[in-house]
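The structure appears below as structure tokens.
Protein chains: 4
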Amino acid sequence: MLSSKQEYVKRISKKKPALYINGKKIDNFVEHPNIKPMIDSIGLTYDLALKEEFKDLMVANSQFVNEPINRFLHIYTEKEDLIKRIKLARLLSQKLATCNYRCVGCDILNALYVTTYDMDETLKTTYHNRLLDYIKYVQQNDLAVSGALTDVRGDRSKSPSQQDDMYLKILEKKTDGIVVKGAKICQSGALVVDETVVMPTIALKESDKAYAVAFAIESGTEGVTYVLQNNAYEAKKRETPGWESGNPYGDRGTFLVIFDNVFVPWDRVFMCEEYNFAGSLVSNFTDIHRYVGSGCKAGFIDTMVGAAKLMSEYNGIQNASHIVNKITDIVKGQESCYACGLAAGYEGIKTKSGVYLPNALYSNVSKTLGLPAIAQAAINLADITGGVCVTAPSEEDLKNPEIGKYIEHYLKGSDSVTTEERMKLIKFVEYWIAGPHLAGAIHGGGSPITPNIFIQRLANVDEKKSFVKELLEIK
Amino acid sequence: MLSSKQEYVKRISKKKPALYINGKKIDNFVEHPNIKPMIDSIGLTYDLALKEEFKDLMVANSQFVNEPINRFLHIYTEKEDLIKRIKLARLLSQKLATCNYRCVGCDILNALYVTTYDMDETLKTTYHNRLLDYIKYVQQNDLAVSGALTDVRGDRSKSPSQQDDMYLKILEKKTDGIVVKGAKICQSGALVVDETVVMPTIALKESDKAYAVAFAIESGTEGVTYVLQNNAYEAKKRETPGWESGNPYGDRGTFLVIFDNVFVPWDRVFMCEEYNFAGSLVSNFTDIHRYVGSGCKAGFIDTMVGAAKLMSEYNGIQNASHIVNKITDIVKGQESCYACGLAAGYEGIKTKSGVYLPNALYSNVSKTLGLPAIAQAAINLADITGGVCVTAPSEEDLKNPEIGKYIEHYLKGSDSVTTEERMKLIKFVEYWIAGPHLAGAIHGGGSPITPNIFIQRLANVDEKKSFVKELLEIK
Amino acid sequence: MLSSKQEYVKRISKKKPALYINGKKIDNFVEHPNIKPMIDSIGLTYDLALKEEFKDLMVANSQFVNEPINRFLHIYTEKEDLIKRIKLARLLSQKLATCNYRCVGCDILNALYVTTYDMDETLKTTYHNRLLDYIKYVQQNDLAVSGALTDVRGDRSKSPSQQDDMYLKILEKKTDGIVVKGAKICQSGALVVDETVVMPTIALKESDKAYAVAFAIESGTEGVTYVLQNNAYEAKKRETPGWESGNPYGDRGTFLVIFDNVFVPWDRVFMCEEYNFAGSLVSNFTDIHRYVGSGCKAGFIDTMVGAAKLMSEYNGIQNASHIVNKITDIVKGQESCYACGLAAGYEGIKTKSGVYLPNALYSNVSKTLGLPAIAQAAINLADITGGVCVTAPSEEDLKNPEIGKYIEHYLKGSDSVTTEERMKLIKFVEYWIAGPHLAGAIHGGGSPITPNIFIQRLANVDEKKSFVKELLEIK
Amino acid sequence: MLSSKQEYVKRISKKKPALYINGKKIDNFVEHPNIKPMIDSIGLTYDLALKEEFKDLMVANSQFVNEPINRFLHIYTEKEDLIKRIKLARLLSQKLATCNYRCVGCDILNALYVTTYDMDETLKTTYHNRLLDYIKYVQQNDLAVSGALTDVRGDRSKSPSQQDDMYLKILEKKTDGIVVKGAKICQSGALVVDETVVMPTIALKESDKAYAVAFAIESGTEGVTYVLQNNAYEAKKRETPGWESGNPYGDRGTFLVIFDNVFVPWDRVFMCEEYNFAGSLVSNFTDIHRYVGSGCKAGFIDTMVGAAKLMSEYNGIQNASHIVNKITDIVKGQESCYACGLAAGYEGIKTKSGVYLPNALYSNVSKTLGLPAIAQAAINLADITGGVCVTAPSEEDLKNPEIGKYIEHYLKGSDSVTTEERMKLIKFVEYWIAGPHLAGAIHGGGSPITPNIFIQRLANVDEKKSFVKELLEIK
């Protein structure tokens with residue numbers, strides 16, 4: 001049954017994860033100014049699902065438990081599921097202007113669905129049913145699931161086994177489960193969800209088979225320590241949790257998640273040493289995630305376009321042709337990326353498992369369009385706003401009894417807007433142009449080099465040679 | 001019934017159009033070295049339709065005459081029709097590496113289908129049935145139909161009626177038909193087809209109602225004079241019709257088509273003074289044509305990718321990383337454009353007339369991606385080829401008894417290829433980097449400014465403002 | 001005589017400016033974690049001038065006081081001065097990776113030198129000698145001078161006089177001086193210097209003559225209030241003043257400077273109502289400042305190139321061809337901008353006042369190259385670094401007794417580097433990719449539209465028409 | 001003494017080179033429509049030198065023969081010589097809108113000047129004085145000198161000696177001279193000059209020492225065969241030598257120059273087997289030539305800017321903001337390239353030989369800016385012109401008695417221009433957008449990959465690492 005935000009918060013409030021923020025151990029994480037925005041963000045994924053207006057995108061009918069479920073827990077066995085998935089991503093980004101923390105988990109479940117099916121078929125293992133049970137469990141309980149891939153990696157010139165405990169690995173296989181050790185980084189959402197699914201981040205060779213491991217854990221499982229990222233945005237959010245930080249839902253919060261001898265029972269293990277399936281699991285995941293990411297980025301940029309237009313009105317420059325052109329340029333970048341994503345969905349292919357995967361070529365091409373689109377959007381938005389996007393005084397200055405009147409007067413824009421509203425918007429622009437999200441656009445869904453390598457492989461260059469040979473009558 | 005190339009050629013051979021090429025009147029146009037490649041190009045659209053292998057894309061079932069027809073004559077009343085339309089465009093471009101001369105005609109018929117429906121509904125005119133009869137006629141006879149839009153325009157700061165006979169206009173309305181006068185330029189295909197449909201090129205005001213005219217004529221109709229474009233490529237094709245010109249199907253041949261008091265009977269007139277429908281007819285057409293154009297350009301670029309790979313092998317540099325990257329960059333540009341086009345199709349919208357129009361926003365965005373994709377492809381292809389792409393000796397030099405041995409020796413590449421094959425490919429590269437096609441990519445489907453204006457209008461910026469206001473709690 | 005950093009700090013420590021930071025009044029500004037890095041930054045401009053190694057660029061011989069002076073106080077009456085000026089800018093950016101706070105002041109003094117000369121010649125005023133006396137004063141006392149231009153502007157669709165006290169204006173002219181009111185924003189350096197010179201930010205009409213005002217004030221003058229910018233970086237710097245913030249010299253600190261009925265004696269007033277010279281003063285300033293800015297940005301990027309190379313070594317990927325290419329691409333952008341700046345200097349023109357101004361066309365072109373160069377550099381640097389550039393734990397986490405060992409282990413890179421060193425570098429990358437400096441590259445030296453307008457005016461298009469007419473024998 | 005064009009033409013008219021054009025042997029080359037424009041082009045370099053107006057750039061004072069000489073024969077022993085050299089290049093490109101055919105020769109003479117000096121110093125050879133005598137000879141007789149570098153290369157994966165006679169080589173060393181065999185391609189100017197200097201095109205190893213050869217020959221020397229490039233533009237020029245081809249000076253004419261056992265006397269040999277100096281000779285040449293090339297390209301683009309402005313006036317769209325922006329964008333690209341070139345000159349370095357070489361880093365960066373600048377200029381120019389730039393009827397059509405009146409009417413633009421003038425300009429645009437010059441911009445001065453490799457080497461990345469280490473106190 002679909003839960004409310006309230007029910008979700010109640011569930012996770014009971015957890016006692018080992019959490020550190022900027023060198024301090026945090027006990028009441030639910031109200032911490034760096035964590036609360038994340039909870040509000042996930043909370044919205046619950047509350048929107050209960051609203052009639054958003055049902056079409058937010059809710060799906062599960063093939064497995066035969067009831068309405070949150071689409072973030074859905075397995076895409078119809079092409080329409082793929083299309084709604086990318087539209088869902090855009091919707092949430094429009095509402096949040098930050099991460100919803102549920103994409104990676106959802107995308108891993110689908111990727112695992114395909115790969116466990118293939119493993120079982122080839123190796124006669126029984127991972128697929130085990131995964132199916134797990135999926136039913138999270139669907140029936142409407143749990144929030146995040147995902148963890150990125151290993152810390154250390155010296156990239158060395159493989160996992162050439163280094164001393166850098167990639168997450170299987171330390172021991174026991175009768176009732178496995179023990180794992182290592183760390184995952186850049187983990188979005190981590191402890192504010194009910195569950196986390198974990199998988200490898202690169203293709204593996206036999207010598208690295210101890211690193212071929214996928215499983216699910218409950219948040220706050222014993223042996224797991226969470227360290228929040230620390231960047232300037234987090235510092236500001238801690239200092240002034242009001243509108244000063246620009247986005248009420250905060251920036252994308254990620255964690256270093258340390259697994260120090262963590263036990264995982266077998267019914268939660270979905271890959272264990274099958275190293276030659278790590279590569280296809282990773283590429284299934286990245287094809288999906290880059291696809292979804294183009295919806296996510298288009299939604300972020302929707303808020304930048306809206307902010308750019310609003311700010312141009314606040315500054316009285318909305319009719320200048322260079323302003324109109326700069327906004328149109330943002331839209332071109334944004335819709336190129338999104339349309340390319342859509343095409344990947346519509347040209348998706350049904351795998352043997354029954355799950356639809358997006359067209360890999362278009363999915364990877366869309367990822368290469370997302371970064372320049374976000375970067376240009378942020379630059380044009382800051383351009384339209386003026387230098388004030390990083391030089392403005394603060395909410396506290398505005399509210400200060402001695403200087404507030406000056407700020408009130410001098411930060412005012414056109415008559416259509418109050419100073420406080422303009423400052424809120426200025427801080428939202430700061431969030432985009434001087435916050436951590438641009439880096440997210442670079443590395444989200446994998447570093448820029450990887451989609452290029454995929455595109456090179458996926459472009460059927462030899463077929464294209466044949467067109468020329470036929471045309472020119474060359475043997 | 002589907003005709004063969006042979007039947008098509010036989011039909012058009014009977015026509016006696018008034019044709020001029022570089023200042024000379026041409027009588028036997030069918031064998032003229034500037035015209036024959038165009039006929040071969042259209043001929044292929046007939047022959048491919050007869051091959052089992054290409055049936056799915058080349059042939060459609062007509063809703064009107066209830067038999068298989070060439071897809072270039074099809075009306076898109078199913079979304080799948082739209083998708084096959086863009087794939088058809090890509091297929092032909094892969095096969096021809098030049099224009100197939102039937103896209104504009106096909107796209108005008110569909111645009112007219114929508115607009116005549118709307119006109120009849122609003123104005124109680126009877127254009128739609130008239131058009132339907134015409135469509136049945138060309139379908140039943142499997143006629144090749146081209147289209148004519150672009151007026152010569154003269155001084156663009158003046159409207160049609162402010163100038164002296166620059167745009168095509170209705171000179172007289174008679175009981176049995178109308179008399180038109182004016183000229184259309186950049187007309188692809190013109191006299192090597194059976195039929196040409198004509199429509200306005202811009203939105204019109206009441207004062208310009210004489211210019212609101214759409215109709216069909218048979219090629220070679222009395223009063224019509226055709227003047228072939230003259231560019232360097234045409235000159236070379238005239239001089240050496242062998243492989244020297246690079247593409248056996250030639251470049252995109254266009255004509256200045258002069259209408260000097262041409263009579264058109266009423267059953268071939270589809271718009272006559274309904275000036276306030278000119279704008280929507282134009283935008284229906286451009287939405288379709290820019291959509292189709294992204295398939296067309298992707299297909300052209302397929303031949304450039306193939307040529308780039310082949311040439312890298314001929315030059316022995318296929319493994320250099322910068323070569324691999326340059327080819328991958330071509331693919332990224334190409335597939336961005338095409339995927340964006342595909343999305344426009346998949347997100348197409350059914351009009352009241354029953355015809356599906358592609359999503360206008362993505363269609364226009366795809367047009368803006370096509371030009372940089374083609375330009376970069378041509379540049380990278382020439383880069384990989386070397387300066388020889390414009391400095392090579394000629395086929396005649398290779399065949400010359402005195403110096404042929406030198407050419408044979410010094411123009412040779414790697415052992416995998418003969419000198420003649422490498423020279424053929426070099427000339428094909430010249431065709432792309434130093435031929436008229438880059439200009440075609442700029443202006444095909446309208447000058448670069450127009451899609452930008454459409455995008456600006458189609459981006460729902462106000463909705464995006466609402467996301468930000470809701471997020472920041474701004475009134 | 002050249003002072004030391006120590007002497008400079010001693011001087012400014014005596015000042016009692018009205019300073020607010022994030023809503024709090026600050027008394028001991030010298031040790032405040034947001035202000036101290038600025039003082040260290042300016043301090044370096046003193047200490048480097050005393051080192052033999054940097055004398056050639058740091059020290060000039062004054063034409064006026066006939067002794068060695070800091071080049072930031074020099075008037076460029078030789079072309080060589082211009083060249084050394086841009087090299088000085090690059091040097092400081094290499095050393096600081098942030099603002100040195102003395103460029104704007106230096107550039108205003110030179111711009112005023114030209115404009116006061118022109119005013120006196122045309123209007124028979126006596127500003128030039130007054131300015132000369134002021135220049136001698138700051139040179140003889142080796143004072144740090146910053147500059148203030150940018151008005152808050154409010155509704156940009158209205159001129160200064162159409163708004164209620166948004167631009168800085170002359171409130172009253174008295175026998176002994178003038179009284180001014182208004183605010184300047186984005187003011188780099190402001191209160192940590194000895195002196196600030198103030199000038200208008202736009203060309204003015206007669207109705208706006210009250211806004212045509214230029215003058216100098218001592219820092220902390222009565223009636224002046226300083227409000228520090230508040231962005232996330234400042235918050236982090238306040239919270240953890242160690243290496244956590246990435247750059248020991250901090251980001252570019254700017255202030256909102258409020259002038260509430262501030263009295264300026266006549267000997268410090270350099271423009272007073274001469275509205276028709278405001279435009280040329282602004283363009284003289286921007287020509288110089290955009291010129292200097294290309295050196296500044298090249299120097300910033302030098303530190304990004306260095307960081308990118310170092311990080312690639314720390315990550316063990318320094319030999320991957322895509323990494324090498326990404327670094328080379330940064331260099332191309334950087335050197336394009338800088339070389340274009342250099343050309344502006346070498347092609348500089350001597351004004352009637354004796355001062356050399358850089359070639360305005362190349363100066364403006366270099367500004368348009370700086371922004372994409374910085375943006376691409378930051379993106380490539382973050383790309384090479386990995387997502388960790390915004391997701392890393394903090395210095396405090398590393399030093400925490402419970403989890404420090406995990407951070408120590410898992411944030412390690414190749415053997416060539418300690419975890420602390422790698423984390424320092426990661427935080428430096430965060431500074432560039434997720435700090436306020438990208439916005440600085442957008443608006444420093446004026447918003448992106450203004451150089452474009454200048455270029456359009458400066459390109460001698462009509463002369464270029466004549467080349468074509470002569471070539472084609474067109475009248 | 002400075003010659004006139006007439007004297008130059010008289011001199012070369014006496015030569016009897018073995019010349020082939022499109023498979024035909026040509027005897028009276030001087031009047032051939034493909035060759036005459038080249039002669040006119042070089043002729044202008046003589047006539048301009050006699051005009052007072054251009055003396056400053058066209059004429060230099062020789063250090064060796066102590067009289068005024070054409071600057072294309074000058075050795076740059078003053079920095080000012082370098083600066084005038086690039087301005088000379090721009091001037092000629094403005095006048096010709098095509099190649100002047102004397103740059104490569106001039107740049108090779110300077111590169112050889114440096115390298116022969118170094119060879120003599122290291123190897124105790126006597127090449128430098130021999131070269132000096134040759135320079136005096138061409139200066140005293142005011143001879144036109146072209147240069148030849150580019151070998152045909154065959155399979156690039158093989159070195160010269162691994163292939164059978166692909167690169168030009170020393171076949172025999174005799175007492176009175178050497179015998180050479182091979183071919184040079186992409187040779188601009190070749191037989192319409194008095195003299196050609198020849199040098200290797202790549203760095204060489206000991207096994208390739210037979211290919212380390214530099215020398216001078218008189219045009220039409222026995223054993224040398226010239227084959228003109230054949231591209232579409234040449235075909236058109238042959239067919240209609242009037243204004244139809246767009247540029248009266250034609251496109252850049254290059255030749256395949258075949259050396260079949262050609263004897264060169266010792267006094268004309270400047271390198272013979274000194275393989276370890278081939279690399280530095282090549283880089284000295286390319287540093288100079290890429291430098292000069294930025295002036296050349298800026299001058300070409302000057303004619304495109306002029307054409308764009310003229311055409312916008314002819315089309316009545318000169319005030320549209322998107323047109324103004326497109327022209328401004330051309331200027332930005334053009335001046336970025338040129339200013340970067342200028343900086344290379346001003347930051348040039350004096351070699352031990354006394355010759356100034358441009359700064360290699362900026363020279364190579366300027367080359368990377370030239371290609372996108374030319375490509376964007378051509379695209380924007382074609383955009384402003386309309387599709388007619390490749391679809392217009394011909395001069396012959398305009399002059400045809402039957403259809404000329406139609407062309408006259410329908411190709412007319414605004415009232416400010418005759419149809420013939422507009423058509424001339426249209427054909428000039430075709431020349432740029434659909435001619436061989438874009439390929440020239442790609443490969444002139446070496447393929448795009450080579451400047452990138454130079455930049456990578458020349459960027460002092462290790463010094464930049466030290467800035468970061470010092471700043472962050474990293475060891």
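For the record, the sequence lines run as chains A, B, C and D.
Each residue of the first sequence is one higher than the one before, starting from 1 at the first, in the UniProt record's numbering.
Each residue of the second sequence is one higher than the one before, starting from 1 at the first, in the UniProt record's numbering.
Each residue of the third sequence is one higher than the one before, starting from 1 at the first, in the UniProt record's numbering.
Each residue of the fourth sequence is one higher than the one before, starting from 1 at the first, in the UniProt record's numbering.
Ideal Cβ placement from N, Cα and C applies to all residues, glycine included.
Beta strand (DSSP E) segment containing residue i, residue limits
| i | result |
| --- | --- |
| A:Pro265 | 254-265 |
| A:Thr391 | Not the beta strand (DSSP E): A:Thr391 falls in the alpha helix (DSSP H), residues 388-391. |
Residue i and residue j closer than 7 Å at C-beta
| i | j | result |
| --- | --- | --- |
| C:Ile185 | C:Val224 | no |
| D:Leu149 | D:Leu131 | no |
| C:Met423 | C:Glu274 | no |
| D:Lys237 | D:Asn100 | no |
| C:Arg282 | C:Tyr76 | For clarity, residue 282 of chain C is Val in the given sequence; the question names Arg instead. Result no, Cβ atoms of C:Val282 and C:Tyr76 do not sit closer than 7 Å. |
| A:Ser146 | A:Gly299 | no |
| A:Lys5 | A:Asp56 | no |
Residue i burial status per 10 Å Cβ neighbour count (16 or more: buried)
| i | result |
| --- | --- |
| B:Ser321 | exposed |
| B:Asn359 | buried |
| D:Glu234 | buried |
| A:Asp397 | buried |
8 Å contact criterion, which residue i and residue j should meet: CB distance rounded
| i | j | result |
| --- | --- | --- |
| C:Tyr127 | C:Thr116 | 4 Å |
| D:His74 | D:Ala60 | 4 Å |
| D:Leu191 | D:Val180 | Contact doesn't hold; Cβ gap of about 17 Å is too wide. |
Is the region 245-262 of chain C touching the region 280-289 of chain C in the sense that three or more CB pairs, one from each, lie closer than 8 Å? Counting C-beta pairs closer than 8 Å gives fewer than three between the region 280-289 of chain C and the region 245-262 of chain C, which falls short of the contact rule.
Evaluate the contact criterion for the region 239-248 of chain D versus the region 204-215 of chain D: three or more CB pairs, one atom per stretch, below 8 Å. no
Counting pairs of beta carbons, one from the region 18-28 of chain B and one from the region 400-415 of chain D, are three or more of them closer than 8 Å? yes
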